[in-house]
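For the protein sequence lines, the chains are A, B, C and D, in the order given.
Once you know that position 26 of the first sequence is 306 in this note's numbering, the rest is easy, because the numbers rise by one and skip nothing.
Once you know that position 198 of the second sequence is 478 in this note's numbering, the rest is easy, because the numbers rise by one and skip nothing.
Once you know that position 309 of the third sequence is 589 in this note's numbering, the rest is easy, because the numbers rise by one and skip nothing.
Once you know that position 116 of the fourth sequence is 396 in this note's numbering, the rest is easy, because the numbers rise by one and skip nothing.
Don't be surprised by glycine CBs; every beta carbon is placed ideally from N, CA and C.
There are 4 protein chains.
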Amino acid sequence: MLKVGLLGAGRIGQVHAVNIARHPGSTLAAVSDVHAPAAEALAATYGAEVRSSGDIIADSAIDAVLIATSTDTHSDLIEAATAAGKAVLCEKPVDLSLERARACLAAAEGGTVMIGFNRRFDASMAAMRTALAGGEVGTAELLSITSYDPAPPPVAYVKVSGGMFRDMTIHDFDMATFMMGEMPVTVSAAASSLVDPEIGAAGDFDTAVVTLTYGDGRLAVIRNSRRAAYGYDQRIELLGSAGALQVDNVTETKLVKSTVDGITGAKPTYFFLERYMPAYVAEWDAFVTAVTNGTAVPVTLADGVAALELAEAATRSAREGRPVALSEI
Amino acid sequence: MLKVGLLGAGRIGQVHAVNIARHPGSTLAAVSDVHAPAAEALAATYGAEVRSSGDIIADSAIDAVLIATSTDTHSDLIEAATAAGKAVLCEKPVDLSLERARACLAAAEGGTVMIGFNRRFDASMAAMRTALAGGEVGTAELLSITSYDPAPPPVAYVKVSGGMFRDMTIHDFDMATFMMGEMPVTVSAAASSLVDPEIGAAGDFDTAVVTLTYGDGRLAVIRNSRRAAYGYDQRIELLGSAGALQVDNVTETKLVKSTVDGITGAKPTYFFLERYMPAYVAEWDAFVTAVTNGTAVPVTLADGVAALELAEAATRSAREGRPVALSEI
Amino acid sequence: MLKVGLLGAGRIGQVHAVNIARHPGSTLAAVSDVHAPAAEALAATYGAEVRSSGDIIADSAIDAVLIATSTDTHSDLIEAATAAGKAVLCEKPVDLSLERARACLAAAEGGTVMIGFNRRFDASMAAMRTALAGGEVGTAELLSITSYDPAPPPVAYVKVSGGMFRDMTIHDFDMATFMMGEMPVTVSAAASSLVDPEIGAAGDFDTAVVTLTYGDGRLAVIRNSRRAAYGYDQRIELLGSAGALQVDNVTETKLVKSTVDGITGAKPTYFFLERYMPAYVAEWDAFVTAVTNGTAVPVTLADGVAALELAEAATRSAREGRPVALSEI
Amino acid sequence: MLKVGLLGAGRIGQVHAVNIARHPGSTLAAVSDVHAPAAEALAATYGAEVRSSGDIIADSAIDAVLIATSTDTHSDLIEAATAAGKAVLCEKPVDLSLERARACLAAAEGGTVMIGFNRRFDASMAAMRTALAGGEVGTAELLSITSYDPAPPPVAYVKVSGGMFRDMTIHDFDMATFMMGEMPVTVSAAASSLVDPEIGAAGDFDTAVVTLTYGDGRLAVIRNSRRAAYGYDQRIELLGSAGALQVDNVTETKLVKSTVDGITGAKPTYFFLERYMPAYVAEWDAFVTAVTNGTAVPVTLADGVAALELAEAATRSAREGRPVALSEI
């Protein structure tokens with residue numbers, strides 16, 4: 281039974297708390313949060329203690345920590361936790377600073393750190409990768425990722441988010457690497473602010489097309505928008521030499537209405553919590569299994585840094601209006 | 281080059297005229313209609329002569345006749361045309377009187393008569409039968425036919441139509457035999473007038489469920505309505521021992537609109553002319569090919585009589601509230 | 281916090297145990313089972329006591345019991361539990377004997393008894409009923425329920441199951457009443473044994489079409505098979521005066537593969553545990569909410585008896601080869 | 281009745297011949313081809329004369345010419361035909377040389393020239409533009425065009441085709457302008473040869489992602505491949521401020537097979553002749569209608585030159601590895 285300390289009791293921390301508590305191989309031992317009432321509420325629900333993150337990391341009875349705090353604390357907490365011998369599951373992104381993230385990667389070497397790229401654990405995405413790896417559509421040639429949020433975040437959030445590429449597209453960058461099995465050599469991004477002019481005024485983008493070119497000429501393209509009126513649009517397609525694979529959206533229900541106005545089905549599930557709840561459960565299970573069995577975690581800290589490199593390259597490409605080589609980053 | 285006489289220049293006759301004229305193996309030589317202007321308009325368009333049906337049948341230069349006249353003339357015309365050595369394609373139903381249809385079948389024995397069950401020539405329906413015959417889902421166990429018209433016909437038409445089972449369901453009865461490969465032993469129909477009370481007042485039905493039981497216990501069910509607000513609903517499903525086959529509706533376009541109100545696709549094509557136009561082309565091609573090659577026509581007069589027997593049984597079942605054995609008919 | 285005793289620790293009892301334990305408004309206090317190890321395993325997992333069903337019912341500290349025992353014990357347990365003032369959620373069917381079920385209904389009058397027709401709590405089915413009730417497709421005219429199991433049960437089970445109509449179709453009967461809002465006046469069933477000859481030898485059916493006729497002429501048809509090679513097929517359609525509603529299958533993933541062999545999507549989820557797991561959660565939540573708030577349970581014991589009446593009528597109809605009036609039952 | 285001369289009796293000329301002959305407002309009067317037997321066969325089928333293209337253009341009894349000859353002759357024939365007062369429908373592309381195409385545009389000024397961008401006449405594409413123009417999804421933000429051929433052309437063809445962007449993507453460039461309603465300001469292409477190394481050896485590409493940036497920040501992305509094992513993949517999506525529009529593939533049939541291996545539907549229609557045959561009919565009808573009524577043709581020679589400009593920019597971008605401004609072209 282893995283004894284787990286949860287650092288951060290906000291929205292995503294609450295999701296993880298449920299999964300930690302329900303998993304037969306883990307128990308939620310302690311919770312910390314800079315906002316005490318949040319930690320207290322979670323702790324009360326699951327019979328855990330409220331403690332500081334430092335105490336939790338220092339406690340030898342704690343086997344693992346889940347880091348769901350604000351991004352600027354991730355690197356420090358990863359380093360402290362691995363130094364204390366804890367297994368770590370840390371939410372994305374590793375850091376807004378690529379330099380700091382790289383330093384963290386070096387510091388945490390030898391430790392057990394998994395990054396929370398939850399989409400890898402979505403049943404459909406995972407099945408797609410398995411089908412691809414099994415050669416069911418030949419070799420990969422052209423990958424397409426569609427990733428639209430239902431509505432833009434508040435501008436206040438945008439300003440501290442590191443920008444769309446580091447905050448939102450980072451999931452798509454990881455998915456590209458997950459599917460293509462390697463890093464691209466160049467990144468070319470076209471990006472605009474069409475959804476909310478305040479996002480543009482804050483120096484960020486809300487709509488983008490990012491093209492990735494791989495060493496052997498394979499291509500990938502990511503489409504992003506901060507707004508899709510019909511809900512969270514999360515699709516992925518891969519054209520291979522012998523066919524194509526495609527993951528469609530999950531819908532709220534399977535009800536279809538046929539009237540004189542057309543044939544109408546349900547919208548996609550609203551946002552990531554609805555779409556990826558089963559993926560968070562599977563992610564936690566994968567972490568517990570790896571830590572318990574002493575096997576490698578399926579998403580590494582290096583994967584987190586790699587995704588950040590792509591975000592850095594895309595940001596530079598969009599700002600400078602030119603393809604950026606990964607070797608520049 | 282098959283020289284063809286078209287008997288009947290109404291709506292369905294006009295459809296056939298185009299197909300006869302366009303087919304590289306047939307030419308439209310003559311047209312008849314009780315309403316002279318209709319015949320004249322068609323003849324002018326395709327460079328054919330206007331003649332009486334008697335003249336056309338008597339003309340040894342005419343190879344084949346297509347009978348698209350009112351139902352009460354079908355049997356007489358089939359008999360006359362086959363007696364004159366013409367190949368015949370006759371629209372459904374053979375006759376409203378089963379007795380008369382049976383007499384026609386006997387009289388036309390040895391002649392070449394094909395009945396216009398156009399759905400057998402629909403690419404999807406035909407592919408379904410091929411898949412079934414090829415054992416792709418094992419042996420057939422439960423067939424389901426959905427057949428809804430977009431809107432009810434005028435009551436004046438209903439009164440002379442022979443009733444919904446002879447007029448509309450007859451296509452579904454033929455499709456059941458086409459797929460199951462044999463006639464059922466009992467027919468059980470539940471029917472109501474829900475769409476238009478005048479249809480009920482005229483002694484007919486507009487909504488029905490018909491269950492067919494086959495000798496070996498296999499089952500089929502037909503669902504009918506004279507009204508589907510969203511268009512012509514023409515689907516068919518077959519559960520087999522190793523899977524299922526299903527034909528979905530053809531839609532007006534492939535456009536899908538996603539908004540806050542849902543994900544909306546196009547409606548089915550409106551009615552039989554839109555849905556089955558390619559099937560009419562294929563039907564005519566099958567007729568020309570069979571006649572030209574001297575091979576058997578793919579839908580026989582006996583098939584037409586068989587469908588009428590099922591219509592008769594369904595009508596009796598619905599009226600008497602009991603399953604009717606085919607042996608009673 | 282509702283203190284719950286679980287009677288029956290078999291497969292479905294285990295499903296309920298999880299939901300009882302996880303619900304914030306209920307706790308699993310005690311478990312009974314005729315097979316002690318099953319009860320012990322469940323009790324250990326959730327920190328509950330193992331007790332006899334009699335003890336549990338007699339314990340005034342227990343607020344509610346969930347009856348997941350074998351069908352022949354349902355009526356007795358419902359009566360005992362309601363007599364002891366417990367709120368009851370009982371699995372379907374109420375009883376194999378309609379007479380006994382009716383007696384139970386009379387005996388339990390005034391008590392709080394909910395029957396576990398889980399499909400009413402499926403998000404898609406519930407949304408369909410809401411849409412229908414909201415007049416989104418006008419008034420209901422023709423309801424169609426498709427309900428195929430992936431594989432037949434062992435013949436040993438079939439022999440004690442009360443037959444397909446009482447064991448399997450009973451869910452579809454309840455769904456028909458749920459959607460149509462009233463009981464039909466006649467039931468007409470055609471049924472065969474096509475899947476497994478031993479099922480036929482045991483006097484039961486494995487393939488059926490059941491037609492329900494309502495007082496105002498509205499119709500419903502249920503299609504059943506004990507075997508669909510591709511998984512659990514659970515669809516429902518309703519044709520209304522202004523359109524149609526349809527619930528499609530839930531699939532294992534959203535992955536689609538396109539190759540030279542066609543465009544292939546995932547199969548439906550395998551069976552009822554996979555398909556209806558969220559419905560069981562919602563069902564339990566509805567029970568807890570009703571009991572806690574003192575409001576009416578959404579599926580009553582009378583609903584359970586009504587479904588049994590339809591099963592009785594269908595069984596008689598299939599055996600006697602005639603429509604059976606509900607007034608005969 | 282428009283008297284039409286058909287210049288070019290190859291594959292696409294044959295498609296047009298049928299449509300010219302069948303249209304009630306046009307007749308096929310003459311056919312020319314450098315390969316005499318091809319012209320003779322077509323002429324015989326439709327009762328037209330075989331003549332040289334010069335004779336046809338010089339004949340004052342001919343109202344219109346359809347240019348379906350090899351691309352290198354288009355500009356000369358357009359100029360000659362418009363000088364002779366003929367209405368012209370010319371296949372794409374206008375020319376492989378942008379300079380020559382621009383000269384042709386200047387020379388043909390005042391004449392009636394329509395370019396054969398058939399996809400604009402596809403019912404689904406046209407419905408999408410109508411929905412967009414009607415504001416059904418708000419304002420356009422991000423357009424995505426998927427355009428994969430089923431199999432690559434012979435390398436001999438590739439060498440004279442002007443390259444993938446001028447030969448294949450040109451349709452997608454026109455579609456982008458059709459939907460977005462204006463030309464982009466920059467074009468950025470990433471392209472590879474993954475399908476056939478001989479295509480790469482010939483200096484061309486077979487796989488590409490092209491990003492278009494519009495003056496107001498709106499974006500479009502085109503995905504191309506010369507090979508999709510499952511058939512001709514022709515989809516288009518548009519994300520707008522209030523929703524999205526999407527055109528899916530047309531499939532060979534509507535048959536769906538469900539087995540233990542999954543749920544398999546039919547493939548897309550094989551290639552452009554199958555997919556766009558109705559679009560060619562509608563295109564010809566639009567031309568006849570415009571010429572007969574003296575109204576503007578719906579696709580102009582300027583549209584043809586504009587698409588060529590985008591092809592030129594994309595070619596340059598892919599070769600130079602940088603975004604290319606339209607102002608450079």
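Out of the options, which one is the CA nearest neighbour of residue i?
i: B:D447; options: B:R291, B:L535, B:V374 and B:I337; result: B:V374
i: A:R409; options: A:M455, A:E389, A:V284 and A:A381; result: A:M455
i: A:T351; options: A:D402, A:G391 and A:G443; result: A:G443
i: D:S355; options: D:I342, D:S332 and D:E379; result: D:E379
i: A:A469; options: D:L535, D:T493 and D:G290; result: D:T493
i: C:S332; options: C:E320, C:V345, C:D313 and C:G290; result: C:D313
i: B:A431; options: C:G520, C:I516, C:Y560 and C:A297; result: C:G520
i: D:A522; options: D:T419, D:A318 and D:M557; result: D:T419
Compute the distance between the beta-carbons of residue i and residue j, then report whether it is under 8 Å.
i: A:L423; j: A:L286; result: no
i: C:S472; j: B:L499; result: yes
i: C:V440; j: A:K537; result: no
i: D:A310; j: D:I342; result: yes
i: A:Y428; j: A:N504; result: yes
i: D:F453; j: D:A598; result: no
i: C:A344; j: C:K366; result: yes
i: B:A328; j: B:G290; result: no
Near residue i, which residues of its chain fall below 7 Å by C-beta distance, leaving aside the five closest residues on each side in sequence?
i: C:V530; result: P548, T549 and R555
i: B:V585; result: V374, A381, R382 and L385
i: D:F458; result: R400 and R409
i: D:A593; result: V467, V604, L606 and I609
i: A:H303; result: W564, D565 and V568
i: D:S404; result: V527
Tell me whether residue i sits in a helix, a strand or coil according to DSSP, three-state version.
i: D:N299; result: helix
i: C:T513; result: First, the residue type needs correcting, since residue 513 of chain C is Asp and not Thr in the sequence shown. Correct three-state label for C:D513: strand.
i: D:M394; result: strand
i: A:H450; result: Per the sequence presented here, residue 450 of chain A reads as Ile, with His not at that position. If DSSP states are grouped into helix, strand and coil, A:I450 belongs with the helices.
i: B:T349; result: coil
i: B:T595; result: helix
i: B:L588; result: helix
i: D:E600; result: helix
i: A:A522; result: coil
i: C:G365; result: coil
i: A:P477; result: helix
i: D:N529; result: coil
i: B:I425; result: strand
i: C:T419; result: coil
Confirm the yes/no value for this check: CB of residue i, any heavy atom of the ligand MN, distance under 7 Å.
i: B:E416; result: The model depicted lacks the ligand MN and carries no ligand whatsoever.
- Message: Three Cβ pairs or more, each shorter than 8 Å: is that satisfied between the region 508-519 of chain D and the region 458-467 of chain A?
- Response: no
- Message: If contact is defined by three or more beta carbon pairs under 8 Å, each pair taking one atom from either stretch, is the region 381-400 of chain A in contact with the region 465-484 of chain A?
- Response: no
- For the region 332-340 of chain B and the region 353-367 of chain B, state whether three or more C-beta atom pairs, one from each stretch, are separated by less than 8 Å. yes
- Are the region 480-497 of chain D and the region 485-501 of chain B touching, with three or more C-beta to C-beta distances below 8 Å? no
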